[in-house]
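In our numbering, the protein residues as written are 2 to 471. Here is the structure we will look at.
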């Protein structure tokens with residue numbers, strides 16, 4: 002488990018600031034063996050372009066990083082009924098995630114044990130089992146093989162039990178968020194989440210603490226950029242006033258002081274901050290500025306919602322109604338759980354790596370179970386705003402960065418120095434975790450440290466295995 006610390010201490014831990022003399026003399030553009038240290042691709046405050054464009058490094062990530070840590074795979078509310086299932090790719094692996102008739106969650110590799118065909122080709126549904134379309138091998142929703150046509154052709158030693166679908170190595174959940182690991186050799190989920198768990202609690206426990214429900218609909222974006230550009234941006238408090246200027250002006254004309262307009266001309270002086278949570282997890286907290294006044298009141302009455310606001314106040318009283326309406330607005334939290342869970346506003350996002358230059362980013366809207374219908378209606382409409390307007394800006398930036406990194410090899414290094422050595426960071430008095438101003442690149446330095454730990458450990462293990470077999 003990575004201990005959150007001042008970024009300068011990363012050098013001692015083999016992190017972003019450490020670079021041996023040997024590494025300094027190596028050519029970062031060389032296409033040498035993948036079973037090596039990646040250290041030569043890092044300099045204090047800089048990372049090398051190859052980390053975003055090299056297909057071999059991308060495949061190493063799927064094996065050493067996504068294959069050796071906890072990954073978010075689904076929310077329990079996506080499987081509300083017995084025998085519900087969903088399919089999706091996580092860390093490159095196709096999965097079937099099921100709720101059995103007894104209510105137990107299973108995560109199975111969506112790969113037939115016969116000829117490796119994808120077994121279930123539907124995105125979601127309700128089924129007690131699955132039939133492979135190639136040779137009709139049949140499996141129940143717990144992964145057990147229940148039928149093989151013309152079974153006698155396999156001889157006396159053949160057993161159905163030997164052909165069960167394979168489960169992921171480890172499966173666990175935290176307050177409805179389901180995580181899987183493809184390796185059994187990982188710390189507990191609790192250790193992995195660390196300080197991020199408390200922030201998941203805060204996100205869930207807003208308002209009257211009704212359970213969060215992930216809606217069946219989702220909004221996928223195909224982005225022609227490396228998955229890490231999305232993770233870079235999720236914790237970036239520097240870009241909103243510039244990248245989203247047109248959107249913010251439009252919202253200001255429509256609603257008044259709305260959404261991210263609490264960014265001032267020098268928002269580094271505001272109480273908002275970026276925080277290192279350890280294990281590559283980061284947090285961008287906009288709440289201190291956003292909630293100086295009721296989040297709903299800051300935005301005035303959204304056009305068309307006056308009647309809803311009035312009805313809620315009449316039914317519940319002004320104080321309780323406004324507290325409910327606050328939960329319909331954005332949470333003011335960007336909680337980034339490395340490597341593939343982003344909790345931003347009221348949405349859940351999953352970036353799924355497809356290639357070194359291609360990522361599917363999926364947004365999942367959430368509602369509150371048992372909340373008044375008006376609250377969830379407002380919540381849904383407000384969750385449509387940013388994907389419809391802001392994500393266009395972000396995706397354009399992701400792809401512009403990818404193009405620059407891919408096609409200008411003469412400029413090798415990516416700058417992540419902001420507030421690296423300005424001495425403005427400080428331990429948070431509440432939890433002693435390191436925090437820096439809103440616009441800091443702390444989030445990138447944090448996750449790159451964890452990236453190195455996982456990748457170097459995986460490469461080292463592969464080297465040992467190769468040595469033993471040679």
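C-beta: ideal position from N, C-alpha, C; glycine also. Bear in mind that the values here come from a model prediction, so they are computed numbers and not experimental data.
*What separation, rounded to the nearest whole angstrom, lies between the Cα atoms of residue 196 and residue 405?*
Answer to the nearest angstrom: the Cα atoms are 35 angstroms apart.
*Limits of the unbroken beta strand (DSSP E) element including residue 282*: Per DSSP, residue 282 belongs to the beta strand (DSSP E) from 282-286.
*asked:* Buried or exposed for residue 65, going by 16 or more other Cβ atoms inside 10 Å?
replied: Residue burial annotation: residue 65 is buried, with at least 16 other C-beta atoms found within 10 angstroms of its C-beta.
*Short Cβ contact (8 angstroms threshold) for residue 271 with residue 236*: Not a contact, by the Cβ cut-off of 8 angstroms.
*Below 7 angstroms CB to CB, which residues in the same chain sit around residue 32 once its five sequence neighbours on both sides are set aside?*
Here the model assigns residue 32 a pLDDT of 40, short of 50, so the residue's position is not dependable and the matter cannot be decided.
*Closer than 8 angstroms by C-beta to residue 129: which residues in its own chain qualify, once you throw out the five before and the five after it? Chain order, please.*
Only residues of its own chain outside the window of five on either side were considered, and among them 84, 102, 141 and 142 have a CB closer than 8 angstroms to the CB of residue 129, listed in chain order.
_Check whether residue 182 and residue 70 have beta carbons under 8 angstroms apart_ = Inclusion of residue 182 and residue 70 in the CB contact set at 8 angstroms is warranted, their separation being smaller than that value.
*Unbroken beta strand (DSSP E) runs of length 3 or more, entirely within the stretch 95-157: which are they?*
Fully enclosed beta strand (DSSP E) runs of 3 or longer: 106-110, 125-127, 130-132, 139-141 and 146-148.
*Identify, in the order they occur along the chain, each residue of the same chain with its Cβ nearer than 6 angstroms to the Cβ of residue 23, setting aside the five sequence neighbours on each side.*
With a pLDDT of 36 at residue 23, under the threshold of 50, the modelled position of this residue cannot be trusted, and the question is left open.
*asked:* I'd like to check one pair, residue 164 with residue 114: are the Cβ atoms closer than 8 angstroms?
replied: Yes, the pair counts as a contact, with Cβ atoms nearer than the cut-off.
*Cβ contact check for the stretch 200-210 and the stretch 306-313: 3 or more pairs under 8 angstroms*: Output reads no: the stretch 306-313 does not touch the stretch 200-210.
*Coarse secondary structure for residue 57, derived from DSSP in three states*: It is helical.
*What is the rounded straight-line gap between the Cα of residue 72 and the Cα of residue 316?*
The alpha-carbon of residue 72 is positioned some 42 angstroms away from that of residue 316.
*Assuming residue 277 contacts residue 434 under a Cβ cut-off of 8 angstroms, what Cβ separation, rounded to an integer in Å, is found between them?*
6 angstroms between Cβ atoms; contact.
*Exposed or buried, residue 152, counting other C-beta atoms within 10 Å across all chains shown (16 or more means buried)?*
The residue is exposed, with fewer than 16 neighbouring Cβ atoms inside 10 Å.
*Mapping DSSP to helix, strand and coil, what is residue 182?*
Here residue 182 carries a strand assignment [DSSP, helix/strand/coil].
_Where residue 185 falls, given that 16 or more other Cβ within 10 Å makes a residue buried_ = Result: exposed.
_Using 8 angstroms as the threshold, is the C-beta distance between residue 79 and residue 215 below it?_
Closer than 8 angstroms, so yes.
*Three or more beta-carbon pairs under 8 angstroms between the stretch 220-229 and the stretch 357-364, yes or no?*
Touching, per the Cβ criterion.
*Burial state of residue 441 (16 or more Cβ within 10 Å)*: So residue 441 ends up on the buried side.
*Report yes if the CB atom of residue 190 is closer than 8 angstroms to the CB atom of residue 180, and no otherwise.*
In this structure, residue 180 lies closer than 8 angstroms to residue 190 by Cβ.
*Exposure label - residue 99; buried when at least 16 CB within 10 Å*: In this structure residue 99 is buried. Its beta-carbon is surrounded by 16 or more other beta-carbon atoms within 10 angstroms.
_Option in 39, 383, 289 and 168 with minimal Cα separation from residue 57_ = For the set 39, 383, 289 and 168, the Cα lying nearest the Cα of residue 57 is the one of 39.
*By Cβ distance below 6 angstroms, which residues in the same chain neighbour residue 376 in space, the five residues on each side in sequence not counted?*
Take residue 376, set aside five residues on each side of it, and the residues of its chain with a beta-carbon closer than 6 angstroms to its own are 325 and 329, in chain order.
_Beta-carbon gap between residue 1 and residue 280 smaller than 8 angstroms_ = This structure gives no information on residue 1, because the portion of the chain shown stretches from 2 to 471.
*Quick one: what's residue 334 bridged to in DSSP?*
According to DSSP, which records beta bridges pairwise, residue 334 is partnered with 286.
*Taking Cβ to Cβ, would you say residue 108 is nearer than 8 angstroms to residue 132?*
Residue 108 places its beta carbon 8 angstroms or farther from that of residue 132.
_Selection from 95, 81 and 221 that minimises the alpha carbon distance to residue 112_ = Nearest Cα to residue 112 within the set 95, 81 and 221: 95.
_Which residues DSSP lists as bridging residue 276, in chain order_ = Residue 276 is bridged to 284 and 436.
*asked:* Give me the residue from 444, 410 and 421 with the minimum Cα distance to residue 55.
replied: Per the Cα distances, 410.
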